[in-house]
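Chains A and B, in that order, give the protein sequences.
Heads up: the first sequence begins at 4 in the numbering used here, then just goes up one per residue.
Heads up: the second sequence begins at 173 in the numbering used here, then just goes up one per residue.
Read through the structure below, which is laid out as structure tokens, and then see the notes.
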Amino acid sequence: MPTPNTVPLQLERALQLLAHSGQEPPPGDPGSAGWMQALIDALVELSSRDALTGLANRRAFELALAREIDRVARSGEPALLLVLDIDHFKRVNDSWGHNAGDQVIKAVAHALIDSVRPMDLVARVGGEEFAIILPNCASAFGETVAERVRRRVERTPVQIGLGQQVSVSVSVGGAFAPQWVRSTPALWVERADQQLYRAKSEGRNLVQLEPTAVSVVSSEERRLLFETFQIQDHE
Amino acid sequence: MTAPALTTLPSSKIIAVTSGKGGVGKTFVAANLAAALARAGRKVLVLDADLGLANLDVVLNLFPKITLHDVFTGKHGLPDALLRAPGGFWVLLAGSGMVEYSRMTGEIRDQFQKVINEVEPRFDHVLLDTGAGISDVVLYTVSLAGEVLVVVTPEPTSLTDAYATIKVLATTQGRRKISLLVNQTRKLGEGRAVRQQLQQVIDRYVNPTLDSPVRLELVGEIPADAAVRECVQRRTLMLEALPGAPASIAMVAVATRMLPA
Chain A
4 MPTPNTVPLQ
14 LERALQLLAH
24 SGQEPPPGDP
34 GSAGWMQALI
44 DALVELSSRD
54 ALTGLANRRA
64 FELALAREID
74 RVARSGEPAL
84 LLVLDIDHFK
94 RVNDSWGHNA
104 GDQVIKAVAH
114 ALIDSVRPMD
124 LVARVGGEEF
134 AIILPNCASA
144 FGETVAERVR
154 RRVERTPVQI
164 GLGQQVSVSV
174 SVGGAFAPQW
184 VRSTPALWVE
194 RADQQLYRAK
204 SEGRNLVQLE
214 PTAVSVVSSE
224 ERRLLFETFQ
234 IQDHE
Chain B
173 MTAPALTTLP
183 SSKIIAVTSG
193 KGGVGKTFVA
203 ANLAAALARA
213 GRKVLVLDAD
223 LGLANLDVVL
233 NLFPKITLHD
243 VFTGKHGLPD
253 ALLRAPGGFW
263 VLLAGSGMVE
273 YSRMTGEIRD
283 QFQKVINEVE
293 PRFDHVLLDT
303 GAGISDVVLY
313 TVSLAGEVLV
323 VVTPEPTSLT
333 DAYATIKVLA
343 TTQGRRKISL
353 LVNQTRKLGE
363 GRAVRQQLQQ
373 VIDRYVNPTL
383 DSPVRLELVG
393 EIPADAAVRE
403 CVQRRTLMLE
413 ALPGAPASIA
423 MVAVATRMLP
433 A
């Protein structure tokens, strides 16, 4: 095994990168194990974030998606994937310039973060494309959640310059992970993408979720189902 | 997407074993029921229809060389993939390559139907060990069977999921007769209580929406038995290893009920 000191470590660029992205240098004695770990952690964090919005980037998203599929296959908990695309984004860029485009993307990113739970993962997966992974989201709530996200963006005006505002909208497609089944991230994304395509072709600023079988059990049904079982349990 | 309604009624020698919730002993039931039927001189096939998380091979401790995956891809003919299991029945295992089929496409549908058509004339009974849940794959594989056997345990989550499954099968596939097997019962008669409970909720909430009512038929109850756990952990077939265990005796009784009079 080579000793760690045979090759001089070149950490200046890493530190520059951190400083440039507005992060504090790692705490502790430079070169110590703790310091190195903190530096690695900071770089890992940096490489999983989108530079413009601070959201998870595509790499982090794909990792999270694979993990979620494994979890759903094992636990059977429902999970929803939403894919979103800013409507007519090209028009913003064309008529107001790329700076304005960046402002729009940042504002949409904020609106998305604000409209979901802290446990949900919001990612920027392409130029004007976003995705949200919602673990443990019951199919009965899917429509409501997706609609809330869409409406939040619609109602958030974006400042693109001195006194200038634009409003944008998103089209949203969604699909639930097949419960108990080990699917693949690609298939899940494809199903959500198909719904996004539907939302786009049916007029934009819309939510389309893949239909699920009517398997909802209401609380009344549940109550009747367990009535005598509770009695038996106490025997 | 839900599976389409049945256009032609599939043969009743094909029985889908399904459950809603995972981990209630679906594969255990399919394997031991097949063994019990085989003991009665029937030619039985268990088809591992859990394309996503197949574990029939794990339960039976088999290491298949040729699987359904090879049949689907055309690498091997169906007869090559049929494997004799301990217990005297036959199995057709999915294999791990089936992960990519965890979503039902038209092509997979056709492949599956072809396999069913090919095995049907060769066996007296074909048990489809389906995946858990109510995914499109599960609904499709169930739609290929003439009869549905729902495995349920007397606990709230299993009961809820079994109920949801029955509801979906009644509304999307027009199922009106569904067999129920209550696994892991803690006392005699609990199976009947579970059936009663499910039937009561169906009568109240499902049947009023249908043209004709859904009826649950209890085919048996398998008592919670330490022998079952032991066999699962040792990966041996209970009916072979411990034929005198209460759970084995109950399984034979279920098989007897399924035999033609």
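By construction, the Cβ of each residue, glycine as well, lies at the ideal position given by its N, Cα and C atoms.
Take E132 (chain A), set aside five residues on each side of it, and the residues of its chain with a beta-carbon closer than 6 Å to its own are D88, in chain order. Here D301 (chain B) is near T199 (chain B), since their CB atoms are less than 8 Å apart. Residues of chain A whose Cβ lies closer than 8 Å to the Cβ of Q371 (chain B) do not exist, since the nearest Cβ in that chain is about 11 Å away.
When the five nearest sequence neighbours on each side are left out, the beta carbons in the same chain lying within less than 7 Å of the beta carbon of M410 (chain B) are those of N204, A399, V400, C403, A417, A419, S420, in order along the chain.
From the beta-carbon of Y377 (chain B), the residues of chain A found nearer than 7 Å are E224. When C-alpha distances from L234 (chain B) are compared across B:P380, B:A253, B:V391, B:V426, the shortest belongs to B:A253. Using a Cβ-Cβ cut-off of 8 Å, V220 (chain A) counts as an interface residue toward chain B, since at least one Cβ of chain B sits closer than that to its own. For V310 (chain B), the closest alpha carbon among the candidates B:L353, B:M430, B:G192 is that of B:G192. Looking only at A:S35, A:W38, A:A54, the smallest Cα-Cα distance to G130 (chain A) is reached by A:A54. When Cβ-Cβ separations below 8 Å define contact, P432 (chain B) makes no contact with chain A. Of the residues assessed, E224 (chain A) falls on the buried side of the cut-off, its CB having 16 or more other CB atoms within 10 angstroms. For A210 (chain B), the nearest beta carbon of chain A is not closer than 8 Å to its own beta carbon. Here the segment 45 to 63 of chain A lies against the segment 14 to 33 of chain A, with 3 or more beta-carbon pairs under 8 Å apart. As computed with DSSP, H297 (chain B) is found in a beta bridge with B:V216. L87 (chain A) is bridged by DSSP to A:F133, A:V175. At a beta-carbon threshold of 7 Å, none of the residues of chain A lie near P395 (chain B); the nearest stands roughly 15 Å away. For A17 (chain A), the enclosing alpha helix (DSSP H) stretches over residues 15 to 23. When the Cα atoms are used, Y200 (chain A) and Q162 (chain A) turn out to be separated by approximately 28 Å. For S142 (chain A), the secondary structure class from DSSP, reduced to helix, strand or coil, is helix. When DSSP states are grouped into helix, strand and coil, Q26 (chain A) belongs to the coil group. Residue pairing by DSSP places T190 (chain B) opposite B:V322 in a beta bridge.
The C-alpha of R120 (chain A) lies about 24 Å from the C-alpha of S222 (chain A). For R281 (chain B), same chain residues with a beta-carbon under 7 Å away, outside a window of 5 residues either side, are Y312 in chain order.
Interface criterion met: the Cβ of P328 (chain B) is under 8 Å from a Cβ in chain A. Excluding five sequence positions before and after S118 (chain A), the CB atoms of its chain that fall closer than 6 Å to its own CB belong to R151, V152, R155, given in chain order. A413 (chain B) places its beta carbon 8 Å or farther from that of L370 (chain B). Its chain contains V219 as the residues whose beta carbon lies nearer than 7 Å to that of A143 (chain A), once the 5 sequence neighbours on both sides are disregarded; these appear in chain order.
V95 (chain A) is a Cβ neighbour of A103 (chain A), given a cutoff of 8 Å.
With fewer than 16 other Cβ atoms from the protein chains shown falling within 10 Å of its own Cβ, M122 (chain A) counts as exposed. Three or more Cβ pairs closer than 8 Å define a contact, and the segment 30 to 45 of chain A falls short of that threshold against the segment 59 to 66 of chain A.
The criterion of a C-beta distance shorter than 8 Å is not satisfied by L232 (chain B) and V189 (chain B).
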